[in-house]
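Colleague: Let me give you the structure first, and then I'll get to my questions.
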Amino acid sequence: MTKKRGMPVGLRTAARTLAKPGPGRPPVHSETWSKVSVVLFDRQILHLDRLATEIRSKSGKVLNRAEIIRALIDGLIDSRMDVTAVSSEGDLRARVARRLGSPYR
0 MTKKRGMPVG LRTAARTLAK PGPGRPPVHS ETWSKVSVVL FDRQILHLDR
50 LATEIRSKSG KVLNRAEIIR ALIDGLIDSR MDVTAVSSEG DLRARVARRL
100 GSPYR
């Protein structure tokens with residue numbers, strides 16, 4: 000797969016939505032998107048998979064890992080919680096957990 004150089008990310012993602020559909024499942028997103036790689040810990044993957052299984056067993060609805068992660072990110076954004084003063088991943092985790100009422104320190 001060739002990568003176009005010099006084109007801003009926003010233009011690449013916009014072009015992707017206009018391209019001829021390829022093989023595989025059709026895209027289900029209604030807005031432009033970018034594929035990113037994120038390193039998660041095995042315990043986080045296990046928790047996401049268990050959460051997806053519990054959601055499916057309780058509601059009959061299927062949510063995959065990416066949908067759960069996007070929902071969590073959008074929930075943080077929608078909360079308008081000010082996280083600009085965080086100094087580390089652990090600090091951010093603790094602030095979010097406190098906001099959600101978790102005993103995490």
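Going by numbering that gives the first Met the number 0, the first residue of the sequence shown is number 0, and it counts up by one from there. Cβ atoms here follow ideal geometry from the backbone N, Cα and C, with glycine treated the same way.
1. Would V82 pass as a contact of L71 if the rule is Cβ separation under 8 Å?
2. Within this structure, are the beta carbons of L50 and I76 separated by less than 8 Å?
3. DSSP on S58, reduced to helix/strand/coil?
4. Check S78 in the structure and name its three-state DSSP category.
5. Candidates T31, R98, S36: which alpha carbon is nearest A65's?
6. Helix, strand or coil, according to DSSP, for H28 in the structure here?
Modeller: By the coordinates alone:
1. no
2. no
3. helix
4. helix
5. S36
6. coil
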